[in-house]
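Per this note's numbering, numbering of the sequence shown is gapless, rising by one per residue and ending at 613.
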Amino acid sequence: MEIDLDGSFLERAHECAEFLRDAGDLLLVSHIDADGLTSAGVASTALDRAGIDHETRFSKQLDDDDLDQIEEDGYDVVLFTDFGSGLLDEVVERDFTPVVADHHQPNGDCDYHLNPLLFDIDGSSELSGAGTAYVLARALEEDDDNRDLAALAVVGAVGDMQNQGGGLTGANREVVREGVEAGVLEAKQDLLLFGRQTRPLPKLLEYSTDVFIPGISKNSSGAKELLEKAGVEAKNGDGWRRWVDLSGDERDRVTNTLFRECAKRGVDSGQIEELVGETYTLLNEEPGTEMRDASEFSTLLNSTARYERADVGFAVCKGDRGEALAEARDLLNGHRSNLRAGVEFVGDNGVTKLDNLQYFDAGDEIRDTIVGIVAGMSYSLSEVDRSKPVIAFADADGENEKKVSSRGTKSLVRQGLNLAEVMSECSSAVGGDGGGHDIAAGATIPEDAVDEFVDEVDTVVAEQIS
Ligand SMILES: [Mn+2]
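Here it is as C-alpha cells:
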C-alpha cells in the first residue's frame with residue numbers, strides 16, 4: 148500500500164502541524180533507539196525550520212513517571228514520536244495537549260494522533276516512527292522543503308528492521324522516492340554485508356555472519372583469498388580499501404565470486420539471494436563515514452541509545468559532525484568490544500539445547516540492552532545450531548525479572564518461525580510480556596520462570612515450524 152500524501156493521512160498531519168504552530172511551551176519526547184532518535188531528529192529539525200521553539204527529551208519506555216515529570220514541568224503541548232500511541236488512554240488524562248506521531252498499536256486516541264495504523268498502513272513493516280515524523284515534517288512546510296529529511300526517515304525504518312526481505316516496502320517506498328527526488332538518497336541493489344562504507348574489505352566479508360559462508364565468515368585468510376580470486380586488490384597505497392572504494396566492475400566481480408564460492412561451499416540458494424538487496428546511501432554525507440549508509444548510521448545511533456546517550460545520537464541526527472560524532476564513535480567502539488566479549492562468553496559457557504531451541508543465561512555478564520545482538524551473533528559459533536532459534540536471558544534492571552531476547556535466521560522465518568508471537572504468548576503464559584519481530588523479539592519474565600518459559604517456547608516453536 149502506498150502512502151497517500153494527498154489523502155487523509157496527510158490531512159491529519161496538517162491538522163497536527165497547524166496545532167503545533169501555536170503550541171506555547173512545547174516539549175518533544177521520543178523513544179531511545181535508532182528509530183526514536185531519527186524521529187526526534189526529523190521532528191526537531193522541522194520544528195526549528197518552522198520557527199517553533201521546543202525542548203527535547205528521551206525515554207527508554209514511556210511510563211507514568213515520565214508523564215508525571217512532564218506535567219510537573221508545566222508544558223502546554225507535548226509531541227511524542229515513536230511512542231505515545233500505546234499509552235494514549237493515560238496521556239489524554241494529563242494536564243497538557245498531546246500530539247502523537249507513532250507507528251505502534253494505539254491504546255486510546257486524541258485529536259492530534261498521527262499513526263499509519265489509523266490509515267490502513269502497516270506500522271510494523273511499512274512505516275516507522277521516523278517515517279511518521281517525516282509525514283508531519285512535510286506538513287509543516289508548504290512547499291517541497293523538508294524532503295531532505297527523508298534520508299533520516301529511511302535510517303529510522305532500517306533501524307526498525309523494516310527493510311527485511313530485501314528492501315523497504317509500502318509507505319516507506321514513498322519516503323524513499325521523495326528522498327531520491329530531493330537528491331539526498333540513493334537506493335540501489337548491492338551486497339547487503341554490513342560495513343560497506345567503513346570496514347576494510349576483508350573484514351566486510353569475514354564478518355558476514357547473517358549468512359554464514361564456510362571458510363569465509365570468521366576466516367580472515369579465506370576472505371582475503373576470495374578477493375584474490377575476484378582479482379580485486381584488498382589494499383592500496385593508503386591501506387585497506389573499503390567496498391565504497393571499489394569500481395562498479397570490481398564490486399560485480401567480488402559479488403559474482405562470492406556467489407560462486409557460496410554455492411561451492413553448500414550455502415543454500417535462498418541464503419545466497421539474501422546477500423543482495425536494496426541499500427540506501429545518504430548522498431549529503433561524507434563517503435566512507437557511518438552516516439553515508441542507512442544501515443551503518445542506524446547502528447551508530449543504536450550504540451548511543453544502548454548506553455543511554457540519546458543526547459549524543461540526537462545531536463548527530465541534527466547534523467553535529469564534530470564532538471557528538473566523535474563521542475558516538477567512541478560509544479560504537481565500546482559497544483563492539485562489549486559484543487565481542489559477549490560472544491566470547493557464549494563460546495566459553497556454551498548453550499543449552501532443547502528439541503526446538505537453544506538458550507543461554509548471561510546473568511549480569513552481558514548488558515540486557517545488547518544480549519539480543521549477542522544472541523544473533525552467536526550463530527557464528529560452531530556450537531550454536533543454525534536450525535534452531537537462540538533464546539538469551541540476562542538480568543534486568545527491574546528486581547526479580549529476567550530480560551529475554553530471541554533471534555532466528557531468515558531461513559527459520561521462511562519455515563514459519565515468528566518470534567514476536569513466541570515471545571508474546573510464552574511470556575504471558577508465565578506472567579511476563581513481550582513482542583517484537585518475526586526474526587528478533589524480546590520479553591520480560593519473572594526470574595524464577597526461566598525453565599517454564601523455555602518449555603513453553605520449545606512447544607510453540609515446534610508448532611510454528613512443523
Ligand atoms: Mn519505531
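Ideal placement from N, C-alpha and C gives every residue a C-beta, glycine not left out.
DSSP, read as helix, strand or coil, puts Glu165 in helix. With a cutoff of 7 Å, His250 counts as near ligand 1, since its C-beta is closer than that to a heavy atom of the ligand. Between Gly386 and Asp180, the CB-CB gap reaches or exceeds 8 Å.
Beta-bridge annotation (DSSP): Phe540 is paired with Asp508, Val551. Beta-bridge pairing by DSSP links Asn383 to Gly386. Taken from the Cβ of Asp182, at least one heavy atom of ligand 1 lies inside 7 Å. Shortest Cα-Cα distance from Val246 to any of Phe266, Gln252, Asp267, Asp223 involves Asp223. In this structure, Pro347 sits near Arg389, with a CB-CB distance shorter than 8 Å. Between Val176 and the set Leu226, Leu194, Arg159, the nearest pair of CA atoms involves Leu226.
Gly326 and Gly384 have their C-alpha atoms some 35 Å from each other. Restricting attention to Asn547, Ser525, Ser186, the CA atom closest to the CA of Ile538 is found in Ser525. Using a Cβ distance threshold of 8 Å, Cys464 and Ala284 do not count as a contacting pair. DSSP places Leu174 in the strand class (E or B) of the three-state scheme. For Ser206, DSSP records a beta bridge to His178. A residue is called buried when at least 16 other Cβ atoms come within 10 angstroms of its Cβ; Glu470 does not meet this threshold and is exposed.
A check of alpha carbon separations from Asp440 across Val302, Tyr454, Ala329, Arg514 identifies Val302 as the nearest.
Here Ser450 has Leu478, Leu479, His482 as same chain residues with Cβ atoms under 6 Å from its own Cβ, once five neighbours each way along the sequence are excluded. A buried status is given to Gly523, since no fewer than 16 other beta-carbon atoms sit within 10 Å of its beta-carbon. In the displayed model, His584 falls within coil according to three-state DSSP, outside both helix and strand.
By the criterion of a C-beta distance shorter than 7 Å, Met438 is surrounded in its chain by Leu429, Glu432, Phe444, once the five residues flanking it on both sides are discounted. Cβ-Cβ separation between His250 and Ser206: approximately 17 Å, too far for a contact (criterion under 8 Å).
Residue pairing by DSSP places Gly424 opposite Asp337 in a beta bridge.
Of the candidates Thr244, Glu240, Gly270, Arg241, Gly270 places its Cα closest to the Cα of Pro253. Apart from sequence neighbours up to five positions away, the residues of its chain that approach Glu594 with a beta-carbon distance below 7 Å are Asn547, Glu548, Lys549, ordered along the chain.
DSSP places Ile592 within a strand segment (E or B) once states are collapsed to three. Annotation: Gly183 to Val459 spans about 13 Å, alpha carbon to alpha carbon.
In this chain, the alpha helix (DSSP H) harbouring Thr279 covers 276-286. Ser275 has its Cβ nearer than 7 Å to a heavy atom of ligand 1.
Boundaries of the beta strand (DSSP E) harbouring Pro245: 244-248, taken from the DSSP string. At a cut-off of 7 Å, the beta-carbon of Asp229 counts as near ligand 1: some heavy atom of the ligand is closer than that. Between the C-alpha atoms of Thr244 and Ile217 there is a straight-line separation of about 11 Å. Not one heavy atom of ligand 1 lies closer than 7 Å to the C-beta of Asp269. Per DSSP, Val331 has no beta bridge partner at all.
The closest CA to that of Leu299, considering only Arg407, Val239, Ala318, Gly276, is found on Gly276. If you check the CB distance, Val493 and Leu528 come in under 8 Å.
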